[in-house]
Amino acid sequence: MTMTTHGAPTRLSFATRRFMWLGASTGLLGLAILADILIGPAFLNVFDVLGALVNPSGASDPMVVTIVHAIRLPMTLMALIVGASLGVAGVQMQTILGNPLASPYTLGFSAAAGFGAALTILFGLQLPLIPQMTVPVAAFAAASMACLMVYGLAHIRGVTAEVMVLAGIATLFLFQSLQSLVQYLAAPEVLQEIVFWLFGSMLKATWFSVWISGTVLLVCLALLIPDMWKLTALRLGDERAASLGVNVPRLRRRVFFIVSLLTAGAVAFVGTIGFVGLVAPHLARMLVGEDQRILIPASAVFGGLLMVGASIASKLLSPGAVVPVGIVTALVGVPFLFALILTGKRRHW
Amino acid sequence: MLSIENINAGYDGTAVLLAVNAQFEPGTLTAVVGPNGTGKSSLLKAMAGLIASKGAVRLGDTPLTNSERLKAIAYMPQDTGAQSSLTVLEVVLLGRLRSLGLRIGDDIREQAVAALKRFRLETFQDRAIGALSGGQRQLVFLAQSLFRGPEVLLLDEPTAALDLRHQLVVLERIVETCHASGMIAVAAMHDLTLAARFADRIVFLHDGKVAADGSPALVLTSAILEQVYRVHAEVQPGPSGALHVSPVRALNDTATS
């Protein structure tokens, strides 16, 4: 045989390299989380914030403790959870649809969540007992409805990537149109509230939303663990995966529901966040490859990094104020992506 | 022994396989040949449980359900240019998907590398499968199939994308494995000379039915080629002693592809 080695790296070096990337990006995420907590429109002293963070009972200024624990920590953790959820949802969407352009947006879940929220704001609806949960519940319910629509169509025509993408894009356009209709009908002050929700902002984060979205993320990650190798096999195409013993329609259906849950859990509280679910998986794939045992955590880390980075940028762009984070996610993520496209040697898709 | 009984299958209401019967002995390679669209790939997929079919597939005396076929029978599809960036080693490891967990043991990893060494591909183990040539990719997928250690291996045109050398390498490894482990191999093929040289038996499919079934010496005749392919072809022993097929001319203008 005339094949040459071309200086291929050894197994150990490849395995080490991708764990190093995961470690480095996790470390960077840790630093970004700290920076996000330290930075804010209140211009607090760094040492006061660190003191309030590490030893709240010993802090000299109770206002600092309140700002750090009631506002900044939930905002930062929510950014982390939403980013990680969208990163994982994005990588699974790209895997089950075999499409590099797929993201939690593709199947219309985010658009549906936006419609649910906008409709509730337009009519000023409020849930009894838990009025503060009205908009998140409506967003979650609408995203679930979009999920059932796509699944219903796929169930009738076959659970293939093509049918799901077509059904999803149709659902996306439907809910975008409905969103536009609601905005058209809304009075100016209501419209402003709707648009602010649709921008996506961490200012809506509370400890309650952190717990709910965090629990959804952890449950979904646990549900994905048994299917990691099957999802890896799916990257070879439906026929090869099936020949390896994967029940492809069942896997696609199961992961589709997990993605729906992740997306709805992420966007219901903070509003529509674009770009992260599309790009975080690509960044992860370029650096750690396609083995889902490491691609899933890497997508979560890169999603979190993009969101926390966007949260920092949203505070720095306009000192003394917080620009909605949904506006700046692409501003933070695009340079990352371009740099990797220009410098990466590995074919990632 | 693997036996198939009255296999019927079709797509969108069109019958592709009509009551196909055949038996396959352990330790042998059987070539399934026939014109394009005659049902070769469908037969293999039906045997593997990948498409719905009627009829029975038995391994020994035990009839296999579709899900049991997926476990007992390895199927290697035609190369369709996998563009994944999965590494070669990961692709081979997937051959034992059911044994893989969060941590890959050193023993299974070493066995996967050994499967690659049979094809001198071990130095490619960290390369992306999508970055390999069609021939190299086909060898990797064969290594994956053999790594699985199947009782039955079905191969859909395993030499279609390969150069002359790799065609020989692939078929030699398949025959070696059949002889060493008793594996039953069934390969859909187009190259009748290669089939004559490497296969213990040839099954001719024509319009979804078995037109002839037997050893190459028995069934590889000008008369059967004329009946199945609508060509005039000469069949003579080659330098190695195996039969050599030389197509001479098509018998009509529409029957070739």
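As you go down the protein sequences, you meet chains C and S in turn.
Taking the numbering used here, the leading residue of the first sequence gets 1, the next gets one more, and so forth.
Taking the numbering used here, the leading residue of the second sequence gets 1001, the next gets one more, and so forth.
A virtual CB, placed ideally from N, CA and C, is assigned to each residue, including glycine.
None of these values were measured; they are calculated from a predicted model.
Worksheet item: How would you label Trp-211(C), buried or exposed, when you count the other beta carbons within 10 angstroms and need 16 or more for buried?
Response: Counting Cβ neighbours within 10 Å, Trp-211(C) comes out exposed, since fewer than 16 surround it.
Worksheet item: For Ala-1143(S), which residues of its own chain have a beta-carbon under 6 angstroms away from its beta-carbon, when the five flanking residues on both sides are left out?
Response: Result list for Ala-1143(S): Val-1092, Ala-1115, Leu-1116, Phe-1119, in chain order.
Practice prompt. Could you list which residues in chain C have their beta carbon closer than 8 angstroms to that of Ser-1042(S), in chain order?
Written response: Near Ser-1042(S) there are no residues of chain C at all, since even the closest Cβ is about 13 angstroms away, more than 8 angstroms.
Discussion item. Can you pull out the residues from the stretch 238 to 252 of chain C whose beta carbon lies closer than 8 angstroms to at least one beta carbon of chain S?
Written reply: Within the stretch 238 to 252 of chain C, contact with chain S at the beta-carbon level (separation under 8 angstroms) is assigned to Glu-239, Arg-240, Ala-242, Ser-243, Leu-244, Gly-245, Val-246.
Worksheet entry | Partners in chain S for Ala-233(C), counting only beta-carbon separations shorter than 8 angstroms | Here the neighbours are Leu-1094, Leu-1097.
Worksheet item: Which same chain residues, not among the five before or five after Leu-287(C), have their C-beta less than 6 angstroms away from its C-beta?
Response: Within the same chain, Leu-287(C) has close Cβ partners Trp-21.
Worksheet item: Tell me the DSSP bridge mates of Thr-1087(S)?
Response: Thr-1087(S) is bridged to Ala-1128(S).
Practice prompt. Grab me the residues of Gly-248(C)'s own chain with a C-beta within less than 6 angstroms of its C-beta, minus the 5 sequence neighbours each way, in chain order.
Written response: Here residue 248(C) turns out to be Val, not Gly, going by the sequence shown. So the list reads Asp-238, Ala-241, Ala-242, once near-sequence residues are dropped.
Item to complete: Rank Leu-1059(S), Ala-1233(S), Thr-1062(S) by C-alpha distance to the C-alpha of Arg-1249(S) and give the top, closest one.
Response: Among Leu-1059(S), Ala-1233(S), Thr-1062(S), the Cα nearest to that of Arg-1249(S) belongs to Ala-1233(S).
Worksheet item: Out of Val-1113(S), Gln-1167(S), Ala-1161(S), which has the shortest C-alpha to C-alpha gap to Asp-1079(S)?
Response: Distances from the alpha-carbon of Asp-1079(S) to those of Val-1113(S), Gln-1167(S), Ala-1161(S) put Ala-1161(S) closest.
Practice prompt. Mind checking who Pro-297(C) pairs with in its DSSP beta bridge?
Written response: DSSP lists no partner for Pro-297(C).
Fill in: As assigned by DSSP and simplified to three states, the class of Ile-1104(S)
Note: Ile-1104(S) maps to coil in three-state DSSP.
Worksheet item: Counting contacts by CB-CB distance shorter than 8 angstroms, is Lys-1071(S) in contact with chain C?
Response: Yes, contact with chain C.
Worksheet entry | 8 angstroms Cβ cutoff, Ala-1048(S) in contact with chain C | Interface annotation, Ala-1048(S): in contact with chain C, CB-CB separation under 8 angstroms.
Discussion item. Along the chain, where does the beta strand (DSSP E) containing Ala-1188(S) start, and where does it finish?
Written reply: Judged by DSSP secondary structure, Ala-1188(S) falls within the beta strand (DSSP E) whose first and last residues are 1184 to 1188.
Practice prompt. Figure out for me which residue from His-1166(S), Leu-1146(S), Gln-1236(S) has the closest Cα to the Cα of Gly-1134(S).
Written response: Comparing Cα positions, the closest option is His-1166(S).
Discussion item. Output needed for Val-246(C): all residues of its chain with C-beta closer than 6 angstroms, excluding positions within five of it in sequence on either side, in chain order.
Written reply: Same-chain partners within the cutoff: Lys-230, Ala-233.
Discussion item. If I measure Cβ to Cβ from Val-64(C) and keep anything under 6 angstroms in the same chain, skipping five residues before and after, which residues do I get?
Written reply: Excluding sequence neighbours, Val-64(C) sits near Leu-44, Asp-48, Ala-52.
Worksheet item: Cβ atoms of Ser-1084(S) and Arg-235(C): under 8 angstroms apart, would you say?
Response: Taking 8 angstroms as the Cβ cut-off, Arg-235(C) and Ser-1084(S) qualify as a contacting pair.
Practice prompt. Compare the C-beta of Leu-369(C) with all C-beta atoms of chain S and state if any pair is closer than 8 angstroms.
Written response: For chain C, the structure presents residues 1 to 349; residue 369(C) sits outside this window and is missing.
Fill in: 9 angstroms Cβ cut-off: residues of chain S touching Arg-285(C)
Under the 9 angstroms cutoff, chain S gives Ser-1085.
Worksheet item: Below 8 angstroms between beta carbons: does that hold for Gly-271(C) and Gly-200(C)?
Response: Yes. Within cutoff.
Worksheet entry | Buried or exposed (CB count within 10 angstroms, at least 16 for buried), Met-1298(S) | Residue numbering for chain S in the displayed model covers 1001 to 1257; residue 1298(S) lies beyond these limits and cannot be assessed.
Discussion item. Please identify the residue among Ile-194(C), Leu-244(C), Arg-72(C), Leu-262(C) whose C-alpha is closest to the C-alpha of Phe-123(C).
Written reply: The candidate whose alpha carbon is nearest that of Phe-123(C) is Ile-194(C).
Worksheet item: Are any of the Cβ atoms in chain S nearer than 8 angstroms to that of Ala-236(C)?
Response: It should be pointed out that residue 236(C) corresponds to Leu in this sequence rather than to Ala. Leu-236(C) belongs to the set of residues whose beta carbon lies under 8 angstroms from a beta carbon in chain S.
Fill in: Sheet register partners of Asn-1036(S) (DSSP bridge)
Asn-1036(S) pairs with nothing; no bridge assigned.
Worksheet item: Which value, in whole angstroms, describes the spacing of the CA atoms of Ala-1212(S) and Val-1032(S)?
Response: Cα to Cα, the separation comes out at about 10 angstroms.
Worksheet item: In angstroms, rounded to a whole number, what distance separates the CA positions of Val-1170(S) and Ala-1074(S)?
Response: Answer to the nearest angstrom: the Cα atoms are 16 angstroms apart.
Worksheet entry | Thr-1038(S), buried or exposed, once every other Cβ within 10 Å from all chains shown has been counted against 16 | By the 16-neighbour rule on beta-carbons within 10 angstroms, Thr-1038(S) is buried.
Worksheet item: Got a sec, what are the start and stop residues for the beta strand (DSSP E) Ile-1202(S) sits in?
Response: For Ile-1202(S), the enclosing beta strand (DSSP E) covers residues 1201 to 1206.
Practice prompt. Please determine if the stretch 145 to 156 of chain C and the stretch 107 to 120 of chain C are in contact, where contact requires at least 3 C-beta pairs separated by less than 8 angstroms.
Written response: Touching, yes, given that three or more Cβ pairs across the two stretches are closer than 8 angstroms.
Discussion item. So, under 8 angstroms CB-CB, Ala-1195(S) and Pro-1216(S) are touching, yes? Tell me the CB distance rounded to an integer number of Å.
Written reply: Going by Cβ atoms, the distance from Ala-1195(S) to Pro-1216(S) rounds to 7 angstroms, so yes, they are a contact pair.
Worksheet entry | Residue burial classification, Pro-1158(S) (beta-carbon count within 10 angstroms, cutoff 16) | For Pro-1158(S), the number of other beta carbons within 10 angstroms of its own is at least 16, and it is reported as buried.
Worksheet item: Just to confirm, are Met-93(C) and Met-202(C) a CB contact at a threshold of 8 angstroms?
Response: Their beta carbons are not under 8 angstroms apart, which means Met-93(C) does not touch Met-202(C) by this criterion.
Worksheet item: Comparing the C-beta of Tyr-1075(S) with each C-beta of chain C, is any distance below 8 angstroms?
Response: Between Tyr-1075(S) and chain C, the shortest Cβ-Cβ separation is below 8 angstroms.
Worksheet item: Leaving out the 5 sequence neighbours to the left and right, which residues in its chain are closer than 6 angstroms to Gly-1049(S) when beta-carbon positions are compared?
Response: Only Asn-1066, Arg-1069, Leu-1070 meet the Cβ criterion.
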